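Report on the structure given below.
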């Protein structure tokens, strides 16, 4: 079963962390990725740039209209994701719980099963 | 011989050679690497210079040499080994392939790893093929397979005790998983999936040839054949699901049905009765009806009752509710479903919701059925199923 483990970040929460705490997050992700590669459960992971660098594209009357900023007017934004192939939803949740972000007050990690896939993996 | 023909031959021979090698030297991991290398050498050489007279012996010799090379780093030793042809042990192939299957289903492995390793070592599929079938990158599958091999080694893995009887249920389960992966085209294009179902059937035949008297082995094979027979009728040209009751039964594969029915019948004669036999008997009862309306629901219901008793499982109860509704009307079925609501594995499950929606529709409760179809559609992880449920809901409007 394939799951997307989605990390929602809140820049304000992250900014409030100490340097040491930020470093611990980085180390935690490093170990997490190693473990996932070893178990063969990691398909891919991607981290996204800060939401302030996002652009939203809308096509109106056939004309693209591009505005700066993220789609949602929210405190939390998509920061990145892990794409994993695991045996069960329970396992995906177990993995998500090991992501450092999940342990930070004000943050959480979302787990969603993949319903349809197309693209490189099928080549 | 052309490339594809050589590939077929290798797919057939490599598991036999691996089995013989593991029997002789133990250490699955090293043997597997050696056989892969020998297979690689063969796939390069044979299409060019022809297949040797004794291809299995050739592979045995080359793989043994690779294995010995790897084990003994001492140069002088290695040269001597490569000059002296290692004797080719003549061991009954089928026996070893079966032992190999039992080894790959090592209890120390997760079901996903057992499946991957079985397809590679026993099915003769390449890592790339297995990765494609499971829609994960080759690297991911390679990591999973190599991890599985390490774990077998750590668990002191050589062949299981000769009888292997206690591991048979795991083997059957793995074959069932492989078959289901091929059968339920849950995501992506269906390209490689039928091959997977066919491979599961081939392996089940292999086990059946060795253990023809085992009712569960016959039952599983029968279940696979009867299910596989419906393949062409299961989806529309556009890829939408066609439920059993609406399938064009003339599109079922008659040969597979006939073979599956005979096997299902014979499996029920075995001393012990198990879940695969019962599921095969249910599938046979469906196959026995010329039209959906002629289905012997009394028998289907009775079989689900027994199945529920020997292997209790909410899915079985759900299926029993469907059969009961056919026998005694939708209200009776809905009453059984009410009992399932308390089961946390089932509450909100799309199968429960879709069955309830269907029974509500039959009971004439259109509004409730509509809501239920919509909830079921949101709950499924299969796009084809979601489309099917959405169209059911739309029909009610």
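Chains as they are written, first to last, in our numbering: chain A, 1 to 123; chain B, 1 to 397.
Cβ coordinates follow ideal geometry from the N, Cα and C atoms, glycine included.
No experiment lies behind these values; they were computed from the predicted model shown.
Check: Classification of residue 49 of chain B by the beta-carbon crowding that lies within 10 angstroms, buried from 16 upward; Outcome: exposed
Check: Whole-number beta carbon distance between residue 333 of chain B and residue 347 of chain B, since they are thought to touch under 8 Å; Outcome: Their Cβ separation, rounded to whole angstroms, is 17 Å, which puts residue 347 of chain B and residue 333 of chain B out of contact at 8 Å.
Check: Through-space distance from residue 260 of chain B to residue 49 of chain A, alpha-carbon basis; Outcome: 56 Å
Check: At least 3 beta-carbon pairs within less than 8 Å: the region 306-324 of chain B vs the region 346-360 of chain B; Outcome: yes
Check: 4 or more residues per run - each alpha helix (DSSP H) lying fully within the region 195-228 of chain B; Outcome: 215-228
Check: Simplified DSSP assignment, three categories, for residue 262 of chain B; Outcome: helix
Check: Chain B contacts from the region 36-49 of chain A (Cβ-Cβ distance under 7 Å); Outcome: 37, 38, 39, 40, 42, 43
Check: Residue 412 of chain B versus residue 116 of chain B: straight-line alpha-carbon distance, rounded; Outcome: An answer regarding residue 412 of chain B cannot be provided, because it is not within the stretch 1 to 397 covered by chain B.
Check: Beta carbon of residue 196 of chain B nearer than 8 Å to that of residue 182 of chain B; Outcome: yes
Check: Contact list for residue 102 of chain A against chain B, beta-carbon separation under 7 Å; Outcome: Residues of chain B passing the Cβ test: none, with the nearest at roughly 23 Å.
Check: Boundaries of the alpha helix (DSSP H) in which residue 402 of chain B is found, first to last residue; Outcome: Look at the range of chain B in this structure, 1 to 397, and you will see that residue 402 of chain B is not part of it.
Check: First through last residue of the alpha helix (DSSP H) which encompasses residue 106 of chain B; Outcome: Residue 106 of chain B -> no alpha helix (DSSP H), and no H or E assigned at all.
Check: Reference residue 100 of chain A; option with closest CA among A/17, A/2, A/3, A/1; Outcome: A/17
Check: Inter-residue Cα distance where the pair is residue 152 of chain B and residue 109 of chain B; Outcome: 8 Å
Check: Collapsed DSSP secondary structure at residue 68 of chain A in the structure displayed; Outcome: strand
Check: Proximal residues of chain B, C-beta to C-beta of residue 87 of chain A below 9 Å; Outcome: 110, 111, 112
Check: Backbone secondary structure at residue 246 of chain B - three-state DSSP; Outcome: helix
Check: Collapsed DSSP secondary structure at residue 49 of chain A in the structure displayed; Outcome: coil
Check: Nonlocal neighbours in the same chain, by C-beta distance under 7 Å from residue 89 of chain B, ignoring five residues either side; Outcome: Note that residue 89 of chain B has pLDDT 49, beneath the 50 cutoff, so the model's placement of it is unreliable and the number below is only indicative. These residues qualify, in order along the chain: 20, 24.
Check: Collapsed DSSP secondary structure at residue 3 of chain A in the structure displayed; Outcome: strand
Check: Residue-level contact to chain A via CB, residue 144 of chain B, 8 Å cutoff; Outcome: yes
Check: Any chain A beta carbon closer than 8 Å to residue 140 of chain B; Outcome: yes
Check: Where the beta strand (DSSP E) containing residue 78 of chain A begins and where it ends; Outcome: 77-85
Check: For residue 166 of chain B and residue 274 of chain B, the rounded distance between their alpha carbons; Outcome: 15 Å
Check: Euclidean distance between Cα positions of residue 46 of chain B and residue 206 of chain B; Outcome: 27 Å
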